[in-house]
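Each residue of the sequence shown is one higher than the one before, counting from 775 in my numbering. Where is the CB? At the ideal position from N, CA and C, for every residue including glycine. In this text, all values refer to a predicted model and were calculated from it rather than measured experimentally. These notes concern the structure reproduced below.
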Amino acid sequence: MANISASYEDMRSQANALITTRDNIQQQLQQAKMQVDNLVSSGFVTDAASGAFQTSYQEFTTSATKTIDSLTSISNNLNQVVSTLEETDTSLASQLRA
Numbered sequence: 775m776a777n778i779s780a781s782y783e784d785m786r787s788q789a790n791a792l793i794t795t796r797d798n799i800q801q802q803l804q805q806a807k808m809q810v811d812n813l814v815s816s817g818f819v820t821d822a823a824s825g826a827f828q829t830s831y832q833e834f835t836t837s838a839t840k841t842i843d844s845l846t847s848i849s850n851n852l853n854q855v856v857s858t859l860e861e862t863d864t865s866l867a868s869q870l871r872a
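This is the structure in structure tokens:
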């Protein structure tokens, strides 16, 4: 039989930390993209290679953003687990008192 130990506060705190992490990474990705855009507009300009580099970096940024956005779902799932555990605990306590 499984035992349960859960700190709702710790779980909520971690869910919030995941969102903060997501936001920080997204901000860094945008900053890096701006740096690459600036580079290919003035410091790395060729007929073909610089444009290909910029396109490649844009594809990376798009993929990374989609991956990082998954932290939202993970955070939401963790918050849902907390809610479900709280509701179950309250319901069980109520039934046991009846």
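* Note down, in chain order, each residue of its chain lying with its Cβ closer than 6 Å to the Cβ of K807, except the 5 sequence neighbours on either side. => The residue you call residue 807 lines up with position 33 of the sequence shown. Excluding residues within five positions, the ones whose Cβ falls inside 6 Å are T835.
* Using only alpha-carbon positions, find the residue among Q869, S865, V856, L866 that is nearest to E783. => Reading the sequence shown from its first residue, position 9 is the one you call residue 783. Measuring from the Cα of E783, the nearest candidate turns out to be V856.
* Using 10 angstroms around the beta-carbon of L870, count the other beta-carbons present and answer buried if the total reaches 16, otherwise exposed. => Translated into positions along the sequence shown, residue 870 becomes position 96. The residue in question, L870, is exposed, as its Cβ has fewer than 16 Cβ neighbours within 10 Å.
* **Inter-residue spacing [alpha-carbon to alpha-carbon] between F827 and Q788** => Locating residue 827 in the sequence shown gives position 53, counting from the first residue. Locating residue 788 in the sequence shown gives position 14, counting from the first residue. Roughly 37 Å separates the two Cα atoms.
* To do: Identify, in the order they occur along the chain, each residue of the same chain with its Cβ nearer than 7 Å to the Cβ of T820, setting aside the five sequence neighbours on each side.
  => If you number the sequence shown from 1, residue 820 lands on position 46. Excluding positions up to five away in sequence, the list is empty.
* **Rounded straight-line distance, which links the Cα of E833 to that of A872** => Position 98 of the sequence shown, counted from the start, is the residue given in the question as residue 872. Position 59 of the sequence shown, counted from the start, is the residue given in the question as residue 833. Going by the C-alpha atoms only, they are around 59 Å apart.
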